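Novice: Below you will find the structure I want to go over with you.
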Amino acid sequence: MSENLYKIFMAIHMREDKIEKSSGELKKSVKEIRRKKDSKMAKFQSLAVAAALCFLSTLSFTVADQFIVEGKVYCDTCRLGFETFATYYIREAKVSLECKNRSTHMVTFNGEGTTDAHGTYQILEVTGDHADDICEVALLSSPVEGCNEPMKGRAKARILLTKDNGIISSVRYANPLGFYKKNPLPICPKIVQQYNILS
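Quick note, in the UniProt record's numbering, the sequence shown goes up one by one and the last residue is 199.
Right under this line is the structure:
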């Protein structure tokens, strides 16, 4: 009986050794799998960071070298020289953008734009940094009969087209440009009174 118990005890002990050995091997396998997984994850993260940096550098280059110029064109219905509640914005008015070097006066860029139904124009793909240039948007024409005389002081607008001024956006907004209405509206005297222009 005691001999049988001894054999049983030895069998159990041997199984425990095998289980412990298998458990150790399993732990090693798990560690190895985790190590490989961490290594792959690190490589993936490195590639992702590299791709993001590459994209951002391309994006910053594109933004730095290209601008959009936007502005509005209106009809000064009272010939007052500024916008009032009687002002309306002109559709299909044409404007030009020209940049000239400050020193040589050579033209470095020119383009044109046409206003939409809200009197807003956009001149797209203005390329290059124009820190050394004088850039101006100017009125070209108005399709409105009776409101096609360029306003004094509002026929041109200077605009800075450079990244050196701290503006991050590639969109540049020009001051509104306007045409005088040939014959002021009947409501204009009331507008003059409202703004106390003659007082």
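No residue lacks a Cβ here, since even glycine has one placed at the ideal position from N, Cα and C. All figures in this text were calculated on a predicted structure; none of them were measured in a lab.
1) Quick one, are the C-beta atoms of residue 171 and residue 71 less than 8 Å apart?
2) Which word fits residue 65, buried or exposed, when buried means at least 16 other C-beta atoms lie within 10 angstroms of its C-beta?
3) Tell me which residues share the same chain as residue 77 and place their Cβ nearer than 8 Å to its Cβ, disregarding the 5 neighbours each side in the sequence.
4) Check whether the Cβ atoms of residue 155 and residue 139 sit closer than 8 Å, and answer yes or no.
5) Taking the DSSP output, what are the residues bridged to residue 116?
6) Roughly how many angstroms separate the alpha carbons of residue 98 and residue 67, rounded to a whole number?
7) If you scan the stretch 141-180 from start to end, which runs of the beta strand (DSSP E) of 3 or more residues do you find wholly inside it?
8) With a threshold of 16 other CB atoms inside 10 Å of the CB of residue 105, please say whether the residue is buried or exposed.
9) Thinking C-beta only, is residue 114 closer than 8 Å to residue 90?
10) Are the CB atoms of residue 176 and residue 74 within a distance shorter than 8 Å?
11) When you compare only the Cα positions, how much space is there between residue 92 and residue 124?
12) Taking 8 Å as the cut-off, decide whether the C-beta atoms of residue 100 and residue 129 are in contact.
Specialist: A quick look at the data gives this:
1) no
2) exposed
3) 84, 86, 87, 88, 147, 181, 184, 185 and 188
4) yes
5) Under the DSSP definition of a beta bridge, residue 116 lacks any partner.
6) The straight-line gap from Cα to Cα measures roughly 13 Å.
7) 156-159, 171-173 and 177-180, all fully within the stretch 141-180.
8) exposed
9) The beta carbons of residue 90 and residue 114 sit no closer together than 8 Å.
10) Annotated as proximal: residue 74 and residue 176, with beta-carbon spacing under 8 Å.
11) 16 Å
12) It is not a contact, given that the beta carbons lie outside the stated cut-off.
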